[in-house]
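In this note's numbering, the protein residues as written are 199 to 268.
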């Protein structure tokens, strides 16, 4: 009787752990293929804030965002 409960609890824990890692891997792949922001969106945001962004500034901000994603 105790063995059945123990097997059930261990299976539940193992399933939750495996599900977490599969979901994490899937989400990381999705974000890598479809980044939440790109250069065009960044340029529009900066212009809406009243800034006149140079290509150098946009490249710096994209590099900073990409390094945070890793």
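We put the CB at the ideal spot given by N, CA and C, even for glycine.
Stretch pair the stretch 227 to 242 + the stretch 257 to 264: three plus CB contacts closer than 8 angstroms: yes
Collapsed DSSP secondary structure at residue 225 in the structure displayed: As a working mapping, residue 225 is identified with position 27 in the chain shown. Residue state, collapsed to three classes: helix.
Opening and closing residue of the alpha helix (DSSP H) in which residue 264 lies: For this step, residue 264 is matched to residue 66 along the chain shown. That run of the alpha helix (DSSP H) goes 253 to 267.
Inter-residue CB distance, residue 229 and residue 267 (contact presumed, cutoff 8 angstroms): On the chain shown, residue 229 is found 31 positions in, with the first residue counted as 1. On the chain shown, residue 267 is found 69 positions in, with the first residue counted as 1. Yes, they are in contact, since the Cβ atoms of residue 229 and residue 267 sit about 7 angstroms apart, within 8 angstroms.
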